Every structure is written in C-alpha cells, then in structure tokens.
Amino acid sequence: MRDFSQDHRWLSINTATVRKQQGAEVPLSRIIDQCAERGIRAISPWRDQVAAAGLEATAHQLRAHGMALSGYCRGGFFPAADAAGLRAALDDNRRAIDEAKTLDAACLVLVVGALPGALEGTPHYTDLARARSEVFDGIAASLEYARQVGMPLAIEPLHPMQAADRACINTLEQALDICDALDANKTGALGVALDVYHVWWDPKLAQQIARAGKERLLAYHVCDWRLPTRDLLSDRGMMGDGVIELKKIRQWVEAAGFEGYAEVEIFSALDWWQRTGEDTLDTCITRHRTAV
Numbered sequence: 001m002r003d004f005s006q007d008h009r010w011l012s013i014n015t016a017t018v019r020k021q022q023g024a025e026v027p028l029s030r031i032i033d034q035c036a037e038r039g040i041r042a043i044s045p046w047r048d049q050v051a052a053a054g055l056e057a058t059a060h061q062l063r064a065h066g067m068a069l070s071g072y073c074r075g076g077f078f079p080a081a082d083a084a085g086l087r088a089a090l091d092d093n094r095r096a097i098d099e100a101k102t103l104d105a106a107c108l109v110l111v112v113g114a115l116p117g118a119l120e121g122t123p124h125y126t127d128l129a130r131a132r133s134e135v136f137d138g139i140a141a142s143l144e145y146a147r148q149v150g151m152p153l154a155i156e157p158l159h160p161m162q163a164a165d166r167a168c169i170n171t172l173e174q175a176l177d178i179c180d181a182l183d184a185n186k187t188g189a190l191g192v193a194l195d196v197y198h199v200w201w202d203p204k205l206a207q208q209i210a211r212a213g214k215e216r217l218l219a220y221h222v223c224d225w226r227l228p229t230r231d232l233l234s235d236r237g238m239m240g241d242g243v244i245e246l247k248k249i250r251q252w253v254e255a256a257g258f259e260g261y262a263e264v265e266i267f268s269a270l271d272w273w274q275r276t277g278e279d280t281l282d283t284c285i286t287r288h289r290t291a292v
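At position 114 of the sequence shown (counting the first as 1) the number is 114 in full-length UniProt numbering, and the numbers step up by one without a gap.
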C-alpha cells in the first residue's frame, strides 16, 4: 500500500467538500485557487459549478495550475416517466461526456438515478425493476458515444438509503454486473467510482473490489461515517472522525491495482460547510496523511 504520510500528492478534492464555506456558496475559480495554493494536484468539480464559472474558463484555469481531474460529477439520472424524458436524459449525458472530455477528466461519474420524480417527493412510478432496466439501457446508449470520444464512464453505487431517489444501483456487485454485461472485455471504457460512504457496510466489499480489478476501479472517494449521523445526505464525516475502516479498504483497492487519487468528498451542512475553505482543505491534507 502506498505511503501517504509524507506528502499529499495523491489527494484530490471533490469540490462539494468546499463549495460552501462559512455557509456561503463559493465560486469554483476560488476553490481551484485554494487547492493550488496548497499543492493539491487534482479536483473533481460538479457540472453546475463549471456551468457557472464557464467551461472554457475552467479548463484554462486548470491548465494554468497544472491541475488534473480525478473525475467529473456527474452524469446519470437515466430513468424517466416517458420516452421524451428518457431521450432528454441521454442528451444530457452526452453533454456531460463532452464537458468531461473538454476538462480532460479521468472519468465521468454516473449517479444513475432511481424512481423519476422521487427527489421532488412524488415518483411517477414505483417499479424499481423498471428503473434498473432504464439505467442499464441508458448506460449502454451513453457508453457508445463515450467510447467514440474516449471518456470512461464510472458507475457509482449509492447506499441503499438512496435507492428510491438518487440511485437504484446500490452495491458494487450490481455495478460490476452492468460493467461485465456492457464491457465484457474490460476495455477501460466502463468501470466504477467507489465511494466508501456508500459501500463500507457491504459484506461482499473485499470480494467485489478484487473482482473489479485495475480495469474497473476508475475513481476512489473517501470521507467517514459519523456516529450519530444527523442527516443521511449532508452529514458526512472528515476522515478519521467516524467508523469506516479507511486504511483497510484502501489496502483492498490498491491490492486490486488502483493507483489513482483518493478523492475527498464531504457533504457537511452542519460542520465543514460552516468553516473556512482554508480550514477544511488543511484538515483534508492532514487526514489524508494520517487516516486515509
């Protein structure tokens, strides 16, 4: 396993971690500068932040800092109430692929979606098998275009608590089954984004990480599971402040061949989003060296 204790060259920051500072939204350009000032070599920005900052302006700023993208958040949300909605989702994912390519991202992360309308409180249907079928078809269609432009797609399984509204793919095993069905030769075009917050509980985790191997492990996200958890969406913990066995999981991931960034992704409305970006990023660096 790599030694992270001496530097933070393999630290990446998902910009959700510091998109709010002291309760206020922060421009992506400022986040990039804050990371560059600390020698952080990679980020993973969100599409709405890039849209606000401008795609070309963001690409230029990243190049000026020599900064890489460990991933791009996010594509997905394939299920829809009708055929028009399914087509709109595919169109949006095509745009996301193009944006990721412009930014030279390592992969486009797919949060696949679930029951359409559930995020707004009124699902259009409750057939989870239908949603999973639409996810499969959506990934298959998007993969065809992603191959053409050379942008790997990374399916991110989400914790079962989000099966109804955000992602009906909830285990690494489910995600890898899709990968094997659509990319049987492990070409690198389709893989997974492994977020410890969503999968740490899975009794099959070690087995499925080994199954994924280097070809499927496209992104690795870290944070921690707080006790008590005050909000299931936006109360993630800083690494070392919870119960996830972070070093053990990274050992499994690296034994499987992963050699990329450990990307910190923390949604924290009650804690880290109330602090300065400097405080949060400095803590990320310290915990990357000691806890990850």
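By construction, the Cβ of each residue, glycine as well, lies at the ideal position given by its N, Cα and C atoms. Owing to the predicted nature of the structure, the values given are computational and were not obtained by experimental measurement.
Inset, instruction - With 9 Å as the threshold, decide whether the Cβ of V292 is near any Cβ in chain D. - result: Here chain D cannot be found, since the structure has a single protein chain.
Inset, instruction - Enumerate, from N- to C-terminal direction, the unbroken beta strand (DSSP E) stretches of 3 or more residues contained entirely within the region 151–175. - result: 153–155
Legend entry - Length-filtered (3 minimum) beta strand (DSSP E) runs lying within the region 3–89: 11–14, 42–44 and 72–76
Inset, instruction - Taking 8 Å as the threshold, find out whether the region 91–109 comes into contact with the region 53–70 through three or more Cβ pairs. - result: yes
Legend entry - Continuous beta strand (DSSP E) stretch holding G277: start and end: As a working mapping, residue 277 is identified with position 277 in the sequence shown. Careful: G277 lies outside any beta strand (DSSP E), inside the alpha helix (DSSP H) at G277 to T290.
Legend entry - Length of the line joining the Cα atoms of M161 and L232: For the purposes of this step, residue 161 is taken as residue 161 along the sequence shown, with counting starting at 1. For the purposes of this step, residue 232 is taken as residue 232 along the sequence shown, with counting starting at 1. M161 and L232: Cα-Cα distance of roughly 8 Å.
Inset, instruction - Could you name the residues of the same chain whose beta carbon sits closer than 6 Å to that of R257, not counting the 5 residues immediately before and after it, in chain order? - result: By one-based count along the sequence shown, residue 257 stands at place 257. What sits at residue 257 in the sequence shown is Gly, not Arg. Cβ neighbours of G257 beyond the five flanking positions: G213 and K214.
Legend entry - Sufficient close CB pairs (3 or more, under 8 Å) joining the region 75–92 to the region 34–46: Not touching, per the Cβ criterion.
Inset, instruction - Give the DSSP bridge partners of E263, in chain order. - result: Translated into the one-based positions of the sequence shown, residue 263 becomes position 263. DSSP output for E263 lists S12 and H221 as bridge partner(s).
Inset, instruction - Consult DSSP for A193 and reduce its assignment to one of helix, strand or coil. - result: Taking the first residue of the sequence shown as 1, we reach residue 193 at position 193. Of the three classes helix, strand and coil, the one that applies to A193 here is strand, per DSSP.
Inset, instruction - Could you tell me the distance, in whole angstroms, from the CA atom of V243 to the CA atom of R74? - result: Here residue 243 is taken as the residue at index 243 of the sequence shown, counted from 1. Here residue 74 is taken as the residue at index 74 of the sequence shown, counted from 1. Rounded to whole angstroms, the gap between the alpha carbons of V243 and R74 is 27 Å.
Legend entry - Chain-order list of residues whose beta-carbon lies under 6 Å from that of W225 (same chain, five-residue window excluded): Working through the sequence shown from its first residue, we reach residue 225 at position 225. When the five nearest sequence neighbours on each side are left out, the beta carbons in the same chain lying within less than 6 Å of the beta carbon of W225 are those of G242, V243 and I244, in order along the chain.
Inset, instruction - Give me whichever residues DSSP pairs with V111 in a beta bridge. - result: Position 111 of the sequence shown, counting from 1, holds the residue named residue 111. G76, per the DSSP bridge assignment.
Inset, instruction - Pair every Cβ in the region 195–204 with every Cβ in the region 148–168, then say whether three or more of these pairs are closer than 8 Å. - result: yes
Inset, instruction - Measure the CB-CB distance between C168 and R132 and report whether it falls below 9 Å. - result: Within the sequence shown, numbered from 1, the residue matching residue 168 stands at position 168. Within the sequence shown, numbered from 1, the residue matching residue 132 stands at position 132. Yes, they are a contact pair.
Inset, instruction - Using three-state DSSP, classify A212 as helix, strand or coil. - result: Along the sequence shown, read from residue 1 onward, the residue named residue 212 stands at position 212. Under the three-state reduction of DSSP output, A212 falls in the helix class.
Inset, instruction - Could you tell me whether the region 117–126 touches the region 168–185, using the rule of 3 or more Cβ pairs below 8 Å? - result: no
Inset, instruction - Count the other C-beta atoms from every protein chain shown that fall within 10 angstroms of the C-beta of D91, then say buried if there are 16 or more, exposed otherwise. - result: For the purposes of this step, residue 91 is identified with residue 91 of the sequence shown, where counting begins at 1. D91 is exposed by the Cβ-count criterion.
Legend entry - Cβ-based neighbour list, H8, same chain, cut-off 6 Å, excluding 5 preceding and 5 following: For the purposes of this step, residue 8 is taken as the residue at position 8 of the sequence shown. Answer for H8: I285 and H288, listed in chain order.
Legend entry - Residue range of the alpha helix (DSSP H) that includes L246: Residue 246 sits at position 246 when you count from the first residue of the sequence shown. Membership of L246 in the alpha helix (DSSP H) is indicated by the continuous run L246 to A255.
Inset, instruction - Taking 9 Å as the cut-off, decide whether the C-beta atoms of A193 and I139 are in contact. - result: Within the sequence shown, the letter at position 193 stands for residue 193. Within the sequence shown, the letter at position 139 stands for residue 139. Not a contact, by the Cβ cut-off of 9 Å.
Legend entry - Nearest residue (CA-CA) to K186, options R216, A206 and I178: Stepping through the sequence shown from its first residue, residue 186 is reached at position 186. Selected option, being the one with the closest Cα: R216.
Inset, instruction - Name the one or two DSSP bridge partners that A105 has. - result: Here the question's residue 105 lines up with position 105 in the sequence shown. Answer is L69.
Legend entry - Range of the contiguous alpha helix (DSSP H) that encloses V243: One-based indexing of the sequence shown puts residue 243 at position 243. From DSSP, V243 is part of no alpha helix (DSSP H); its letter is neither H nor E.
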